[in-house]
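Below you'll find the structure, written out as structure tokens, and then a few comments.
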Amino acid sequence: MSDGSKKGVQLEPYQVVIRPLVTEKGTHLSESYNAYTFVVDKSATKTDIKKAVSDLWNVRVVSVRTQNRLGKPRRHKYKVGYTKSWKKAIVELHEDDRISFF
24 MSDGSKKGVQ LEPYQVVIRP LVTEKGTHLS ESYNAYTFVV DKSATKTDIK KAVSDLWNVR
84 VVSVRTQNRL GKPRRHKYKV GYTKSWKKAI VELHEDDRIS FF
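The opening residue of the sequence shown carries number 24 in our numbering; numbering runs sequentially from there.
Here it is in structure tokens:
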């Protein structure tokens, strides 16, 4: 998609946005601020995310905020492992645009 991608890998829009993140806080953001949360590819940049969301849902993106979430420690008997780390994107849309997940 963009030249700003890490490691020279170009991702398609359906590869950038993995799935919507439906939580209580995310639902409140979508109702009050027209902002939607997604789990995105860890190597995706804000520009990649903006282009992918606008291409997939035909909406105008105002801003993108991202968070890199670390995996949580998990134990099984005496072994300690971690869940996968992931990237979260909060995408704010133009006031006239909406995305309906359900």
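Ideal placement from N, C-alpha and C gives every residue a C-beta, glycine not left out.
All of these numbers come straight from a predicted model, not from anything done at the bench.
In the DSSP assignment, Tyr105 falls within the unbroken beta strand (DSSP E) covering Lys102 to Tyr105. Within the model, the alpha-carbon separation for Tyr101 versus Thr89 is close to 34 Å.
Under the three-state reduction of DSSP, Val39 is assigned to helix. For Glu118, the secondary structure class from DSSP, reduced to helix, strand or coil, is coil.
Here the alpha carbon of Phe61 sits roughly 7 Å from the alpha carbon of Val40.
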